[in-house]
Structures are given as C-alpha cells and as structure tokens.
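One structure is given here, and the rest of the page talks about it.
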Amino acid sequence: MSPALLSVRKLAKSYDGVQILHELSLDVAPGEFVALLGPSGCGKTTLLRCIGGFVSADAGSIEVDGVDIATEPPYRRPINTVFQNYALFPHMSVLDNVAYGPRRRGVGAAEARRDATQALGLVGLEALADRAPRQLSGGQQQRAALARAVVNRPKLLLLDEPLSALDLKLRKRMQIELKELQHSLGIAFIFVTHDQDEALAMADRVVVMNGGRIEQMGPGETLYRAPATRFVADFIGEANLIDCTLQPDGSLQPRVGHLALPPAGRDSARKHVAVLRPEQIELVGEGGTHGLSTAVGRVEDCIRTGSHTRLRARVGDDMVTMLRFGSEIPALQRGDSVTLGFRLDNLHVIVE
Amino acid sequence: MNAMRQRRALWGLLGAPVLVLVACFAIPMAVVAVASFSDANGHFTWAQYARILLDQYHWEVLETTFRIAALTTVFCVLLGFPLAWYLVRMVRWRPWRRACVILLIIPLFTSNVVRSFGWMVLLGRNGLVNDGLLATGLIERPVRWIGTETGILIGMVYILLPFVVLAAGNALAAVDDRLEQASADLGAGPFATFRHVTLPLCMPGVVSGAVMVFTLAVSAYVTPALLSGGRVTVFSMLIFQQYSSVFDFHYGGALSMTLLVVTLALVSLAGRLGPKETAA
C-alpha cells in the first residue's frame with residue numbers, strides 16, 4: 013500500500029460531555045475515493061469537519077503527507093470542502109466564486125479568471141460563468157461548488173453530503189460525474205453520506221461509522237459479503253439476521269433451516285449470528301431440496317415492485333425476507349405455506 | 039364574478055392601510071406643498087423659494103445641518119458596527135446579550151427631550167464630563183460643549199446609535215456562517231473573509247441603518263435645539279420658528295419642502311454610489 017496521504021490517529025471529540033468521536037483512526041491513500049457512511053449522529057460529519065478544520069478535536073492527530081495539521085486553521089490546510097448546501101457566495105458571480113480560491117492564495121486576477129474558467133469547464137458550466145448563484149438550478153449550483161473546491165488543486169477534497177439536496181435522477185447522474193471527475197483529477201475524495209447505495213456505487217473504500225466509532229471499512233463488496241458486525245450487516249443492504257446455537261458436537265445450528273454448519277472450533281462463550289441476504293433465498297417446490305437447507309414458513313406479505321418481488325415469511329419466531337427478480341415467485345396470499353431454501357455456504361457468521 | 043369578488047376583497051384588505059397612508063402622510067404633505075407655492079392671498083408664487091434659495095444664510099444653515107447629519111451618520115456607523123459585531127459574534131452568554139440589547143433599546147422609550155437634557159447636564163460647564171476630564175488632568179479648564187457642533191454631535195450620535203446597531207446586528211446575524219467557513223476553506227484568512235464575504239453581505243443592513251440615521255439627523259429638532267444653546271442653527275429650527283412663532287405657513291412650508299428635496303436627493307445619490315458587488 014502506498015504511503016497514506018491523510019492519516020488520522022486516535023481522534024477524539026466531545027460536545028457538552030457527549031463523546032462524538034471515540035479515538036478514531038483512518039488512513040486515506042493518494043487518489044483514493046473514501047465514503048464515510050453511517051446513520052445521522054454517527055459522527056461522520058464531525059470527523060469531516062475536524063479534517064477540514066472547522067471543528068477542533070480534543071485529542072489525536074491529523075497528518076497530511078506526514079505533517080500534523082490538527083491545530084492549523086482551515087485556510088492553511090491543503091484541503092478543500094464541498095459544503096452540504098454548497099455555500100456559494102451570493103454576492104458574487106459564478107466565475108468570481110470559483111476564482112475566489114486562487115485570488116485569496118495570491119494569484120493575479122487574470123490568471124485566477126483563467127483557472128476558474130478552466131475549472132468551470134471541467135464541470136460543464138463555462139456558459140453560466142456570469143450568472144449569480146441564485147440563478148442556477150440545484151444541480152448547477154452543485155457543479156459550481158465542485159469547481160470552486162477543485163480549482164486550487166487540493167490533494168484531498170472533502171464532500172459533505174453533496175448530493176443530498178438533489179432529486180433522485182439528478183443524483184444518480186451526479187454520482188457518475190463525480191466519480192469520473194475524481195478519476196480524471198486524481199484527487200483523493202472523502203465523501204460523507206447516509207445513503208448506502210451512494211457509498212457503494214462511488215467509493216473505492218467504504219468506512220461504516222456508528223456511535224463515533226468505525227464499525228468496519230473496506231470495499232463495498234466486502235462489506236456486503238462479509239460484514240463484521242450486526243450493525244454493518246443491517247446497514248449495508250438488507251439482511252436476515254438469524255441467531256445460531258452451538259451444538260455439543262461443535263456444529264452451529266441456525267434457527268432457520270434444517271441443516272447445521274460443520275464444526276470449526278467456535279468459541280462457546282460468544283454469540284453467533286448468521287447473515288443471509290434476501291436474494292440468496294429461494295422457494296423450494298415439490299421437486300426436492302437439491303442440498304439446500306430448508307424451512308417451512310407462512311407468508312406475511314408479498315409485494316411486487318415491477319422489477320422485483322419481495323416476500324416476507326414467518327418461520328417460527330423469525331421473520332425472513334426474500335427478494336427475487338420479476339415474477340419468479342408466484343402470487344402468494346398472506347397465510348400461504350411456503351418452503352424456503354438457501355445454500356449453507358451462503359451464510360456469513362458474525363461472532364459477537 | 040369570482041375575479042370581481044376577489045378584487046373587492048383585495049380592496050377591502052388594502053383599504054384601511056391606504057386610508058391611513060393618505061390621511062396621515064399624503065394629505066399633510068400636499069397641504070405643506072401647496073402652501074409653499076402660494077402667498078397670503080392664495081395666489082401661486084415662487085416667492086417663498088426665491089426668498090430661501092437667494093439668501094446666503096439659508097445655504098449656510100443647510101450646510102451646517104447636513105454636516106452635522108453626515109458626521110452623526112459616520113460616527114454612528116463607526117461605533118455601531120463594532121458594537122453590533124460584539125453583540126452578535128462575540129457575546130456567547132445569552133442573558134448578557136439580551137441585557138445589552140435591552141440597554142440599547144430602553145433609551146428609545148424615553149423622550150428625546152429628557153435624554154437631550156441629560157446631555158446638557160453632562161456636558162455643562164460644571165458637568166460630569168468636564169469634571170472628569172479636569173480630574174484626570176487632560177484639560178486645565180472646562181471645555182465649552184453646549185452651543186458647539188461637537189456637543190450637538192455627541193447628543194445626536196448617542197440618540198441615533200441604536201438604529202445602526204440594530205440594523206447592522208440583524209444583517210450580521212443573517213450572514214450564513216457556512217459562507218465564512220467556505221471562504222476560510224478556500225484560503226482566506228480572517229481579515230480577507232471579513233472584507234470579501236462578511237462585510238459585503240451585511241452592507242445592505244449597514245446602509246439601511248445609515249440612511250435611517252441620516253434622515254433622522256437631518257430632521258432632528260429637539261437635540262440640536264437643546265444642545266445648541268442658541269449658538270448653532272440647523273434647518274429644522276428655522277422651520278419650527280416659522281410654524282410656531284411667526285405663523286408664516288407659506289415660508290415654513292417652503293423651508294420644509296427644501297429640506298425634504300435636498301435630503302431625498304442626497305439619500306438617493308448615496309444609494310446610487312453605494313457599494314456595488316466588486317469582483318473577487
């Protein structure tokens with residue numbers, strides 16, 4: 013792994029006696045796209061604001077290229093931010109907004125204009141350079157804020173839920189544009205979001221935060237396939253969390269399904285929870301089980317959303333959700349009896 | 039049908055305020071204007087205005103009036119803006135801020151006359167100000183404040199200061215702190231952020247406070263009259279004389295219209311020359 017561009021060590025912050033960040037550490041490599049993902053109040057925005065310099069941490073260090081900047085004011089950090097509501101200066105034209113950064117860093121007026129025009133070109137906004145920010149649509153303001161933040165060519169760009177104010181279609185498009193821009197500029201991005209789809213779609217690495225701590229970090233696919241904690245399993249995608257009991261012979265018996273996982277030297281003092289994704293479950297007909305672990309349940313509801321069908325069934329005390337494409341599942345009524353089946357090796361076991 | 043009913047409802051709602059506006063502002067103004075253009079027999083004449091504009095004395099009084107008003111405005115802004123900054127940006131303890139705002143507003147509930155008399159006492163030959171300055175040895179004998187433009191200025195600034203503080207304070211409080219953070223993020227130090235972001239954004243509030251102070255200062259009567267000691271004359275005193283002692287409503291009306299027109303011209307000129315959006 014290349015040496016870290018940003019290195020956060022044991023960062024702690026509390027407000028009014030409430031601990032927001034618990035000695036948190038995080039490395040970001042040059043050119044990497046990292047998403048900070050978590051529910052509101054998990055500390056992701058506070059972490060971002062600490063890195064940007066708008067919140068001073070109680071303890072810990074923030075190093076950029078080996079230099080601790082934890083006590084530097086924002087204007088001395090080689091970092092720029094795209095603010096949640098864009099924070100464009102309303103009394104300046106779009107061009108002047110973008111030229112503001114170079115101007116404050118001592119670049120001459122003509123050169124700053126040229127840099128700004130070029131940055132606006134990156135986001136396809138040259139034609140609107142003379143407009144006032146309030147004359148732009150939400151998506152255009154978003155682009156202007158982006159141009160303003162990258163014009164100084166920072167090594168690291170912080171983005172605080174930059175897409176949350178856009179409607180879904182525009183949001184999807186901006187996700188792609190943002191990803192492409194990040195790729196072509198080679199700037200490392202730290203992107204805060206509470207939307208797991210967005211995080212998974214854009215980031216090289218997703219950092220899942222909860223209660224001021226990092227629950228797990230890694231590529232989105234790893235988080236989905238092998239969540240480390242119950243929280244991550246539940247937060248990334250949809251999950252059936254099935255409690256398991258350790259048998260005297262060392263095998264692990266999930267509460268749903270008739271087959272047990274083979275012995276693997278498990279710790280009997282700890283709790284084991286199996287994660288089963290909805291799309292890994294299928295309906296088993298009369299034809300047999302094909303080596304699947306099966307369970308009989310009663311349909312709770314069956315919802316068709318066009319591309320998918322979502323079925324919820326009660327198996328004993330557990331509610332199991334399954335998801336299939338189109339109309340693979342026949343139309344079922346509440347109370348119908350169904351047999352659910354899944355492959356045992358699709359179970360991911362979390363040890364708590 | 040519907041549209042007509044809507045229109046009627048609209049007029050019903052607007053009727054009362056329009057009536058008040060006409061009865062209390064438009065009609066008296068018209069009466070004054072008409073009087074200024076007529077002689078004792080009710081015939082049209084320019085004579086009142088000729089009498090004012092061709093007389094050097096009136097120009098001098100006008101100049102004094104606007105000099106005092108302009109200086110009052112300048113000092114009110116210079117003192118009021120930092121005070122507003124202190125109240126909005128620096129005071130963290132809410133009860134103290136509330137106490138400061140109350141202290142600022144309370145004097146507005148008291149009569150101008152009382153407050154101006156207060157300054158007469160303070161600024162008098164044996165007043166608190168002179169005693170204090172003498173005690174500290176800054177001066178050797180009492181300074182004459184009453185009857186000077188400085189004295190009037192002190193009184194006017196004191197009385198009109200709250201208008202700037204309130205207007206500028208509201209404007210400052212309305213500046214989105216995320217804009218200042220964005221400015222810092224882009225490399226601007228605190229002073230550059232103030233100059234390029236905070237100040238331009240709260241300028242409209244400061245200007246409206248300044249215009250308010252200026253117009254009130256131009257038309258002020260009580261404070262200049264009490265603190266002038268008969269030695270300084272401002273325009274409103276001339277008007278007051280005509281209406282209260284000479285009973286020449288035609289001449290008085292013409293004086294009023296002159297003051298009004300010059301004030302409006304200056305205020306609109308200030309608006310035109312006011313701060314424009316400057317390039318970054």
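Line by line, the protein sequences are chains A and B. First residue of the first sequence: 13, per the working numbering; consecutive thereafter. First residue of the second sequence: 39, per the working numbering; consecutive thereafter. Each residue gets a CB set at the ideal place from its N, CA and C atoms; glycine is no exception. All values derive from a computational prediction rather than experimental measurement.
Legend entry - C-beta atoms of residue 194 of chain A and residue 45 of chain A nearer than 9 Å: Closer than 9 Å, so yes.
Inset, instruction - Give me whichever residues DSSP pairs with residue 324 of chain A in a beta bridge. - result: For residue 324 of chain A, which the question treats as bridged, DSSP gives the partners A/313, A/333.
Legend entry - Contacts of residue 99 of chain A in chain B (Cβ-Cβ under 8 Å): Correct list: 214, 216, 217, 219, 220.
Legend entry - Beta carbon of residue 93 of chain A nearer than 9 Å to that of residue 219 of chain B: The Cβ atoms of residue 93 of chain A and residue 219 of chain B lie closer than 9 Å to each other.
Inset, instruction - Leaving aside the five residues before and after residue 226 of chain B along the sequence, list all residues of the same chain whose C-beta is less than 8 Å from its C-beta, in chain order. - result: Only residues of its own chain outside the window of five on either side were considered, and among them 234, 235 have a CB closer than 8 Å to the CB of residue 226 of chain B, listed in chain order.
Legend entry - Contact set for residue 54 of chain A: own chain, Cβ-Cβ below 8 Å, skip 5 residues either direction: Cβ neighbours of residue 54 of chain A beyond the five flanking positions: 221, 222, 223, 224.
Legend entry - Euclidean distance between Cα positions of residue 284 of chain B and residue 190 of chain B: Residue 284 of chain B and residue 190 of chain B: Cα-Cα distance of roughly 25 Å.
Legend entry - Extent of the continuous beta strand (DSSP E) run through residue 92 of chain A: 91-94 is the span of the beta strand (DSSP E), which, as asked, contains residue 92 of chain A.
Inset, instruction - Could you list the residues in the region 232-250 of chain B with a C-beta less than 9 Å from some C-beta on chain A, going in chain order? - result: Among the residues of the region 232-250 of chain B, those with a Cβ less than 9 Å away from any Cβ of chain A are 234, 235, 238, 239, 241, in the order of the chain.
Inset, instruction - Answer with yes or no whether the minimum CB distance from residue 224 of chain B to chain A is below 9 Å. - result: Using beta-carbon distances, residue 224 of chain B counts as an interface residue toward chain A, with a partner under 9 Å.
Inset, instruction - Assign residue 56 of chain A to one of three DSSP states: helix, strand, or coil. - result: Residue 56 of chain A: helix per DSSP, three-state reduction.
Inset, instruction - Classify residue 317 of chain A as buried or exposed, calling it buried when 16 or more other Cβ atoms lie within 10 Å of its own Cβ. - result: Burial call: exposed.
Legend entry - When B/50, B/180, B/304, B/271 are compared against residue 102 of chain B, the one with the closest alpha-carbon: Answer by Cα proximity: B/271.
Inset, instruction - Please decide whether residue 93 of chain A counts as near chain B, where near means a Cβ-Cβ distance under 9 Å. - result: Chain B contact via Cβ: present.
Inset, instruction - Identify the continuous beta strand (DSSP E) that holds residue 220 of chain A and give its terminal residues. - result: Per DSSP, residue 220 of chain A belongs to the beta strand (DSSP E) from 217-222.
Inset, instruction - Could you work out which residue in B/185, B/154, B/175 is closest to residue 163 of chain B when comparing CA atoms only? - result: Check the Cα spacing between residue 163 of chain B and each of B/185, B/154, B/175: the tightest is with B/185.
Inset, instruction - Using a Cβ cut-off of 7 Å, pull out every chain A residue sitting near residue 230 of chain B, in sequence order please. - result: Result: 116.
Inset, instruction - Please determine if the region 112-119 of chain B and the region 199-209 of chain B are in contact, where contact requires at least 3 C-beta pairs separated by less than 8 Å. - result: They touch, by the three-pair rule.
Inset, instruction - Let me know if residue 143 of chain B comes out buried or exposed under the rule of 16 or more other beta-carbons within 10 Å of its beta-carbon. - result: Looking at its Cβ environment, which holds fewer than 16 other Cβ atoms inside 10 Å, residue 143 of chain B is exposed.
Legend entry - DSSP state of residue 72 of chain A mapped onto helix, strand, coil: In this structure, residue 72 of chain A counts as strand in the three-state DSSP scheme.
Inset, instruction - Compare the C-beta of residue 112 of chain A with all C-beta atoms of chain B and state if any pair is closer than 9 Å. - result: Any Cβ of chain B closer than 9 Å to the Cβ of residue 112 of chain A would place that residue at the interface, and such an atom is present.
Inset, instruction - In the DSSP assignment, find the unbroken beta strand (DSSP E) run with residue 338 of chain A in it and report its ends. - result: Counted as a single uninterrupted DSSP element, the stretch harbouring residue 338 of chain A is not any beta strand (DSSP E), since DSSP gives it neither H nor E.
Inset, instruction - Might you give, ordered along the chain, the residues of its own chain that have their beta carbon closer than 6 Å to the beta carbon of residue 115 of chain A, omitting 5 neighbours on each side? - result: These residues qualify, in order along the chain: 124.
Legend entry - Pairwise C-alpha distance: residue 17 of chain A and residue 6 of chain A: Within the shown structure, residues of chain A are numbered from 13 to 364, placing residue 6 of chain A beyond reach of any answer.
Inset, instruction - Return no unless some Cβ of chain A is closer than 9 Å to the Cβ of residue 315 of chain B. - result: With a pLDDT of 43 at residue 315 of chain B, under the threshold of 50, the modelled position of this residue cannot be trusted, and the question is left open.
Legend entry - Within the region 127-203 of chain B, ranges of the alpha helix (DSSP H) (whole runs, at least 4 residues): With a minimum length of 4 residues, the continuous alpha helix (DSSP H) runs that stay inside the region 127-203 of chain B are 132-147, 150-161, 166-174.
Inset, instruction - Starting from the beta carbon of residue 309 of chain B, find every residue of chain A whose beta carbon is closer than 9 Å, and list them in chain order. - result: Those do not exist, as residue 309 of chain B stays about 17 Å from chain A at its closest Cβ, beyond 9 Å.
Inset, instruction - Could you check if residue 40 of chain A is buried or exposed, using at least 16 other CB atoms within 10 Å of its CB as the buried criterion? - result: Residue 40 of chain A should be labelled buried.
Inset, instruction - Using a Cβ-Cβ cut-off of less than 8 Å, give me the residues of the region 56-83 of chain A that come near chain B, in sequence order. - result: Here the close residues are 64, 65, 66.
Inset, instruction - Per DSSP, which residues does residue 25 of chain A bridge with? Please list them. - result: Its beta-bridge partners are A/33.
Legend entry - Spatial distance of residue 110 of chain B from residue 254 of chain B (CA atoms): Looking at the two C-alpha atoms, the distance is approximately 10 Å.
Inset, instruction - Compute the Euclidean distance between the alpha carbons of residue 187 of chain A and residue 89 of chain A, then round it to the nearest angstrom. - result: Roughly 26 Å separates the two Cα atoms.
Legend entry - Bridge partners - residue 349 of chain A, DSSP secondary structure assignment: Residue 349 of chain A is bridged by DSSP to A/310.
Legend entry - Those residues which DSSP pairs with residue 226 of chain A across a bridge: DSSP, once it has assigned bridges, lists A/221 as partnering residue 226 of chain A.
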